[in-house]
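Here's the structure, in structure tokens; my notes come after.
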Amino acid sequence: MQGAAGPLAGMMIDRKGARLPFIIGSALIVAGALVIAFFTFSEAVFIVAYGLLVGSGMGLAGIVSTQSAVNAWFEQRKPLVMAVVLSAGGISGIVSPILLNYFSSGGKWEYGWMFIGATCFLSLLLSVLFLINSPAQIGEVPDGKRYHSKRPAAKEGAAAESDAVRLTARELFRHSPIYHVLFNSISRNILYYACIGHIVLMLVHSGMPRGKAVLVVSAL
């Protein structure tokens with residue numbers, strides 16, 4: 022569901038900007054986390070709440086929206102900015118397994134999902150209160166006006182030419198590089214999620230204490 026929601030996030034960003042998918046995605050994760058914590062009476066409920074709600078929320082408020090926001094606000098040194106922003110995933114990946122294990126260590130696994138719901142509610146509030154789709158909405162420009170005031174004025178012909186080059190969706194899907202990246206990403210994600218989903222179970226089954234197994238995930 023996270024992958025299936027990706028194209029929907031892209032269409033929403035094209036039409037409305039990154040703010041809307043961030044808000045909707047965060048709200049879906051909050052809803053899914055609370056349903057799992059308080060209303061999981063069967064496997065079917067868990068599959069719907071975790072797969073449909075949380076998965077779709079991750080797809081809408083995840084990497085596509087994050088990268089689009091960076092693209093809207095920065096032109097210079099964009100790879101560095103993107104790397105700094107995406108490092109949040111690594112930082113939270115170190116901290117969250119330890120915190121979730123702490124909250125659920127007493128056998129109350131619901132507390133872990135309540136913690137997830139609370140953090141995503143904070144993300145929802147930040148998106149509603151502070152997220153702006155583009156610099157133009159507040160009279161700014163990418164990289165800030167101070168930077169652009171020091172740049173030589175762009176030639177009108179060059180600006181018009183760059184504005185004219187815009188692929189349609191049909192043209193985009195005729196380009197082979199998009200499929201090269203797609204299949205590369207599929208292969209990587211198969212391995213990544215297989216490891217994340219099973220490594221704790223495997224280590225605990227092999228005799229490692231659960232706390233240490235969680236630290237392995239954190240280090241990974």
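Using our numbering, the first residue of the sequence shown is number 22, and each one after it goes up by one.
Built from N, CA and C at the ideal position, the CB exists for glycine as well.
Quick caveat: nothing in here was measured; it's all calculated off a predicted structure.
Going by DSSP, ASN210 is part of the alpha helix (DSSP H) stretching over 197-226.
In the structure shown, ILE153 adopts coil according to DSSP, grouped into three states.
No residue range can be given for ASP164, since it is assigned to no alpha helix (DSSP H) and is classified by DSSP as neither H nor E. At a cut-off of 4 residues, the continuous stretches assigned as alpha helix (DSSP H) that sit fully inside the region 34-121 are 40-60, 64-68, 76-81 and 84-94.
A Cβ-Cβ separation of about 18 Å leaves VAL51 out of contact with PHE151 under the 8 Å criterion. C-alpha of SER239 to C-alpha of VAL116: approximately 7 Å in a straight line. Rounded to whole angstroms, the Cβ separation of SER108 and ALA26 is 23 Å, and the two are not in contact under 8 Å. DSSP places ALA25 outside any alpha helix (DSSP H), giving it a letter other than H or E. Counting along the chain, LEU188 sits inside no alpha helix (DSSP H), nor does DSSP assign it H or E at all.
Counted as a single uninterrupted DSSP element, the alpha helix (DSSP H) harbouring LEU236 occupies residues 231-240.
A direct Cα-to-Cα measurement between ASN154 and ALA90 gives close to 7 Å. Contact check for LEU101 against LEU81 fails: the beta carbons are separated by 8 Å or more.
Taken through DSSP and simplified to helix, strand or coil, PHE194 comes out as coil.
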